[in-house]
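K.L.:
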Amino acid sequence: MVDLKILKSGRVIMLLIFLLLSIVAIYPNPWAKGVAIRGVIKEGPAYASEMISPKPTSAPMTREVINSVNNIPIKNIEDYAAALQTLMPNVTAQIKTNKGSYRIIPQYRFEIFTVENESVFENRTSEVYNSTLNKTVNVTELVKVPKRIKKYKENESLDFGLSVYNAPKSNLRLGLDLQGGTRVLLQPADTVTKDQLDNIIQSMEQRLNVYGISDVVIRPVNDLEGNQFIRVEIAGLTEEEVKNLITSQGKFEAKVSNKTVFMGGTDITYVCKTAECSGIDPSQGCGQSQNQWFCRFRFAISITPAAAQRQANATKDLQIVSAEGGSYLNETIDFYLDDQQVDSLRIGADLKGRPSTDIEISGSGTGLTQQAALNDALQNMKKMQTILITGSLPVKLNVVKMDTISPVLGKEFVNSTFMMALMAAIAVILVIFIKYREIKIALPIAITLVSEIVIILGIAALIGWNIDLAAIAGIIVAVGTGVDDQIVITDETLRGESQVLNWKERFKRAFSIIMVAYALTVAAMIPLLFAGAGLLKGFAITSIIGVSVGVFITRPAYAAIVERILKGKY
Amino acid sequence: MKQKVMDFYEKHYRKLMLISIAIFVLCIAVIAVHHIKTGEFIEKGITLKGGSLVTVQLNTPVDVDAIQNELRKITPEDITVKEFSSSAGAQLGIIIETTSQDATFIKDFLNKNHDVKTINIETIGPSLGESFFKQAIISVIIAFILMALVVLIYFRLLVPSGYIVLCALGDILFPWAMLLLLNVKLSTAGVAALLMLIGYSVDTDILLTTRVIKRQGTTTEKIFGAFSTGVIMTLAAMAATGIAYLTTPSEVLKQIMMILFFGLVADLWNTWFLNTALLKSYVDRKKEQQNG
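For the protein sequence lines, the chains are E and Z, in the order given.
Quick note, the first sequence lines up with residues 26 to 595 if you use the working numbering.
Quick note, the second sequence lines up with residues 61 to 352 if you use the working numbering.
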């Protein structure tokens, strides 16, 4: 009955190739076990053992998956939680992942507090190039840093400082409404330029990264009315945490003896961003202290005469002290970001009581390797430059929409949606079968229908598109129009009048109707690509991808199959 | 059988056309009456006017009306409580819609009085909702114009293209009126469904007009041929959207499927009574002109 020559048709071969590519892109593995790493908490135990946070844009199946802890196999998140219970303080545990094995000393979870207005001195050894000796020498110096306290939560179980989730079973990414999480739509209080928007997003990403939250997507969105939004999607965080994290504005203050001398934004007239007067500090370079690398950066700024006068007033009564081969004032200038002290510098004696408008700002970055420290320093520099220019995030951000979806409800939606799609497909096939009473027609339609879904999902996996509820609606609609088109093809080829025509002519007729229907669907979806802050873009894009897949890949293949099946008959 | 249907149609097609025109007018009347009564053309959901949408899963079933009464005592804002259930009909939880921006009082109330499993809160600012609604209207108009343009370019005939656009309008008016009659509040997802309908429902009109205008044969034969294809297209789509509506617990999908379903239902008479009759008279008129 089945004519294998069908497989030789170019159009069918194309369909098969696309199917194969889609399956590779989706990379399904229903037996995947273990817990995947969502984020590594900065300064936690795993971070110290050089585990790295995955990029939020990386494909799900490329994520690092923990398979065992102390040789106890980890199948899911419950196993992981149970394994954490067995950990002992100060006893090194072994984690085996699909990418390697790590030895980690577990710790209690902690929160870091910065003690305001209190600093501690820390020894830092750095490699400094000494031009007189013409070699690099180790210089140890005392650096004043803000005092920080780690508060351990000793009533909870020991932890590796990792946030994990059940290992993904395919490369498909579920939307927030299906996997649970928080989505926030932020609107800048004033209009901002594209550069400013990018700056805001960058500084938000940095802030979230500090908390080890790497599974976060921050995107700028525009809509039909020209409104600008920032969309933040975070898996697995509570509403309050998210709100606090992203809406705090970021304000910069420089203080001498606890008196604000200048602030970011209003008091700054110029910030140097070129290589001559900004970058890694060549006289200090990078160094190592204990097991960490750090690099210092510096850049020049100009402040307003009024701010310069404030600085002069603040410094005029200070004492001059000599230290480490230079003369400095007995108070430092302290930089605060969001009321947290970020850096502290000695003030040169020559600045005492002098209203200087040219100031050098410096700071540092740290990392486990020199390169990481270098990057961190440059990133911090960029952030500080932005804040100095704009005063903070360029504008205040208002939360205009906020959704939180629990993972439990999301899971229920996934299951029921799968059932729904299956039953809808069966209903369609049933209608077709009742009409044609011919399994030879109903079967190819069913096969095309399924391949269409697979290819749409494959494309979604490939471009990293999130499958959310709206996207599922889009897939159903696309597949629905696909079935319509197949009915048109079948009828156009079967119809009495067209029997005088050759096959080519019959398909041409069918496809002229199909192409118009295709153009209509795409036309109707175009406005949706731009409207409503992009929240329905998922529906629009999946519909458009879906009907395109139908028209250019599965439909021609279906026509080829129908031709083969019906040729002898009619 | 086929001959009988064709004869019947030949005789009564004007009456059939009147039926669909009557429904068309009725839909407009429903919308107009609603506008006079409430000042609104459509009941806007939270996503289009601002407020909070709280979806709650409960471990034990609850009395929806009782909760609604209790909550109305707490807040002066508009508040409605609905239940949502699994495809088997068991209560999965409740959905609370309120115009209030802050849904914490709902959360507190439920946590205090009921056995809550999960709570999801969706909050949307009023100006954003307002802006979404404006964009929704603009989107529908743009989609409609684009649709009309595609049709016009394909057929290059003003009158038959106009008929198709008219039918598309009828396809939207019916679900619109049904939303008002069934007291369903339109969400952004519903807007997406209306847009989809613009592109989707006219497929059968395209099929009909192509067959009648661009093919050989007697008009009634061609109409009948198009009908036997088109009606299956619509029925298959109705089966899919109908089943999807019945089986999904998600409000978002439910509204999309409901609008598509009603649109497809309306498409049955708008295409096969209205468009067909108009097209038939048009073709007959053309023939008379040629002969005369």
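Just so you know, even glycine gets a beta-carbon here, dropped at the ideal spot from N, CA and C.
Quick caveat: nothing in here was measured; it's all calculated off a predicted structure.
1. Any chance the stretch 456-467 of chain E sits against the stretch 420-429 of chain E, with 3 or more Cβ pairs inside 8 Å?
2. Using only CA atoms, which one of 529/E, 531/E, 503/E lies nearest to residue 547/E?
3. Do three or more CB pairs link the stretch 275-287 of chain E to the stretch 331-348 of chain E at distances below 8 Å?
4. Using the beta-carbon of each residue, which ones in chain Z are nearer than 9 Å to residue 584/E?
5. Roughly how many whole angstroms lie between the Cα atoms of residue 221/Z and residue 58/E?
6. Which residue's Cα is closest to the Cα of residue 53/E: 308/E, 573/E, 196/E, 84/E?
7. Around the C-beta of residue 440/E, are 16 or more other C-beta atoms found within 10 angstroms, so that it is buried, or is it exposed?
8. Would a C-beta distance cut-off of 8 Å place residue 389/E and residue 402/E closer than the cut-off?
9. Check this for me: beta carbons of residue 267/Z and residue 289/Z, under 8 Å apart or not?
10. Have a look at residue 393/E and residue 72/E and give me their C-alpha separation to the nearest angstrom.
11. Rounding to the nearest angstrom, what Cα-Cα distance links residue 258/Z and residue 132/E in this structure?
12. Using three-state DSSP, classify residue 184/Z as helix, strand or coil.
13. Mind checking which residues open and close the alpha helix (DSSP H) that includes residue 107/Z?
14. Would you identify the three-state DSSP class for residue 76/E, choosing helix, strand or coil?
15. Excluding the 5 residues flanking residue 604/E on each side, which residues of the same chain have their C-beta closer than 6 Å to its C-beta?
16. Can you grab the Cα-Cα spacing for the pair residue 410/E / residue 241/E, in whole Å?
17. Are the beta-carbon atoms belonging to residue 359/E and residue 369/E less than 8 Å from one another?
18. For residue 318/E, name the three-state secondary structure that DSSP assigns.
19. Contact defined as beta carbons within less than 8 Å: I believe residue 272/Z pairs with residue 343/Z. What is the distance between those atoms, to the nearest angstrom?
20. Taking the alpha helix (DSSP H) that residue 165/Z belongs to, which residues open and close that run?
21. So residue 385/E is in the beta strand (DSSP E); what residue range does that whole segment cover?
22. Reducing DSSP to helix, strand and coil, say where residue 135/Z ends up.
23. When the distance is taken between beta carbons, is residue 115/Z closer than 8 Å to residue 180/Z?
24. Looking only at its chain, what residues have a beta carbon closer than 7 Å to the beta carbon of residue 423/E, apart from the 5 residues adjacent to it on each side?
25. Spatial neighbours of residue 377/E within its chain, please: CB distance less than 7 Å, with the 5 preceding and 5 following residues excluded, ordered by chain position.
26. Can you tell me whether DSSP reads residue 345/Z as helix, strand or coil?
27. Which word fits residue 443/E, buried or exposed, when buried means at least 16 other C-beta atoms lie within 10 angstroms of its C-beta?
28. Along chain Z, in chain order, which residues have C-beta atoms closer than 8 Å to that of residue 457/E?
29. For the beta strand (DSSP E) containing residue 245/E, list its first residue and its last residue.
30. According to DSSP, is residue 219/Z helix, strand or coil?
31. To the nearest angstrom, how far is it from the Cα of residue 121/E to the Cα of residue 201/E?
32. Under DSSP, the alpha helix (DSSP H) around residue 428/E begins and ends at which residues?
33. Just how far apart, CA to CA, sit residue 391/E and residue 75/E?
34. Mind checking the stretch 227-259 of chain Z against chain E and listing, in chain order, the residues whose C-beta falls within less than 7 Å of any C-beta there?
35. Which residues of chain E have a Cβ atom closer than 8 Å to the Cβ of residue 348/Z, listed in chain order?
36. Have a look at 499/E, 505/E, 591/E and flag the residue whose alpha-carbon is nearest the alpha-carbon of residue 464/E.
P.N.:
If we stick to the structure as given:
1. The way I'd put it, the stretch 456-467 of chain E doesn't touch the stretch 420-429 of chain E; fewer than three beta-carbon pairs between them come closer than 8 Å.
2. For the purposes of this step, residue 547/E is taken as residue 522 along the first sequence, with counting starting at 1. The shortest Cα separation from residue 547/E among 529/E, 531/E, 503/E belongs to 503/E.
3. yes
4. Indexing the first sequence from 1 puts residue 584/E at position 559. Neighbours of residue 584/E on chain Z: none; closest Cβ ~15 Å, over 9 Å.
5. For the purposes of this step, residue 221/Z is taken as residue 161 along the second sequence, with counting starting at 1. For the purposes of this step, residue 58/E is taken as residue 33 along the first sequence, with counting starting at 1. About 57 Å.
6. For the purposes of this step, residue 53/E is identified with residue 28 of the first sequence, where counting begins at 1. When only C-alpha atoms are compared, the closest one is 196/E.
7. Within the first sequence, the letter at position 415 stands for residue 440/E. Exposed.
8. Working through the first sequence from its first residue, we reach residue 389/E at position 364. Working through the first sequence from its first residue, we reach residue 402/E at position 377. Yes; because the gap between Cβ atoms is below 8 Å, this pair is in contact.
9. Along the second sequence, read from residue 1 onward, the residue named residue 267/Z stands at position 207. Along the second sequence, read from residue 1 onward, the residue named residue 289/Z stands at position 229. In this structure, residue 267/Z places its C-beta atom within 8 Å of the C-beta atom of residue 289/Z.
10. Numbered from 1 along the first sequence, position 368 holds the residue referred to as residue 393/E. Numbered from 1 along the first sequence, position 47 holds the residue referred to as residue 72/E. Near 9 Å, if we compare the C-alpha coordinates of residue 72/E and residue 393/E.
11. Locating residue 258/Z in the second sequence gives position 198, counting from the first residue. Locating residue 132/E in the first sequence gives position 107, counting from the first residue. Separation of residue 258/Z and residue 132/E (C-alpha to C-alpha, rounded to the nearest whole angstrom) is 59 Å.
12. One-based indexing of the second sequence puts residue 184/Z at position 124. Assignment of residue 184/Z by DSSP, reduced to helix, strand and coil, places it in the strand class.
13. Looking up residue 107/Z in the second sequence gives position 47. Where residue 107/Z is concerned, the enclosing alpha helix (DSSP H) stretches over 106-109.
14. The residue labelled residue 76/E in the question sits at position 51 within the first sequence. Note: residue 76/E maps to coil in three-state DSSP.
15. A query on residue 604/E cannot be resolved here, the shown segment of chain E reaching from 26 to 595 and no further.
16. Position 385 of the first sequence, counting from 1, holds the residue named residue 410/E. Position 216 of the first sequence, counting from 1, holds the residue named residue 241/E. Approximately 24 Å between the Cα atoms of the pair.
17. As a position in the first sequence, residue 359/E is number 334, starting the count at 1. As a position in the first sequence, residue 369/E is number 344, starting the count at 1. Yes, the pair counts as a contact, with Cβ atoms nearer than the cut-off.
18. Walking along the first sequence from the start, residue 318/E turns up at place 293. Three-state result, residue 318/E: strand.
19. For this step, residue 272/Z is matched to residue 212 along the second sequence. For this step, residue 343/Z is matched to residue 283 along the second sequence. So it is a contact: roughly 6 Å between Cβ atoms.
20. Here residue 165/Z refers to the residue found at position 105 when the second sequence is read from its first residue. Note, residue 165/Z: alpha helix (DSSP H), 164-173.
21. Taking the first sequence and counting its residues from 1, one reaches residue 385/E at position 360. 383-392 is the extent of the beta strand (DSSP E) around residue 385/E.
22. Position 75 of the second sequence, counting from 1, holds the residue named residue 135/Z. When DSSP states are grouped into helix, strand and coil, residue 135/Z belongs to the coil group.
23. In the second sequence, residue 180/Z corresponds to position 120, counting from 1. In the second sequence, residue 115/Z corresponds to position 55, counting from 1. Yes, they are a contact pair.
24. As a position in the first sequence, residue 423/E is number 398, starting the count at 1. Hits under 7 Å: 211, 212, 214.
25. Position 352 of the first sequence holds residue 377/E. Cβ neighbours of residue 377/E beyond the five flanking positions: 340, 341, 343, 345, 354.
26. Here residue 345/Z refers to the residue found at position 285 when the second sequence is read from its first residue. DSSP places residue 345/Z in helix when its eight states are reduced to three.
27. As a first step, residue 443/E is located in the first sequence; it is residue number 418 there, counting from the start. Result: exposed.
28. For the purposes of this step, residue 457/E is taken as residue 432 along the first sequence, with counting starting at 1. Neighbours of residue 457/E on chain Z, chain order: 292, 296.
29. For this step, residue 245/E is matched to residue 220 along the first sequence. Start and end: 241-247.
30. Translated into the one-based positions of the second sequence, residue 219/Z becomes position 159. Here residue 219/Z sits in helix by DSSP.
31. Taking the first sequence and counting its residues from 1, the one referred to as residue 121/E is at position 96. Taking the first sequence and counting its residues from 1, the one referred to as residue 201/E is at position 176. Rounded to the nearest whole angstrom, the CA to CA distance from residue 121/E to residue 201/E is 29 Å.
32. For the purposes of this step, residue 428/E is taken as residue 403 along the first sequence, with counting starting at 1. No alpha helix (DSSP H) contains residue 428/E, which is instead part of the beta strand (DSSP E) from 422-430.
33. Working through the first sequence from its first residue, we reach residue 391/E at position 366. Working through the first sequence from its first residue, we reach residue 75/E at position 50. Cα to Cα, residue 391/E sits roughly 14 Å from residue 75/E.
34. 248, 249, 252, 255, 256, 258, 259
35. For the purposes of this step, residue 348/Z is identified with residue 288 of the second sequence, where counting begins at 1. Result: empty, since nearest Cβ-Cβ is about 24 Å, beyond 8 Å.
36. Looking up residue 464/E in the first sequence gives position 439. Closest option to residue 464/E, Cα to Cα, is 591/E.
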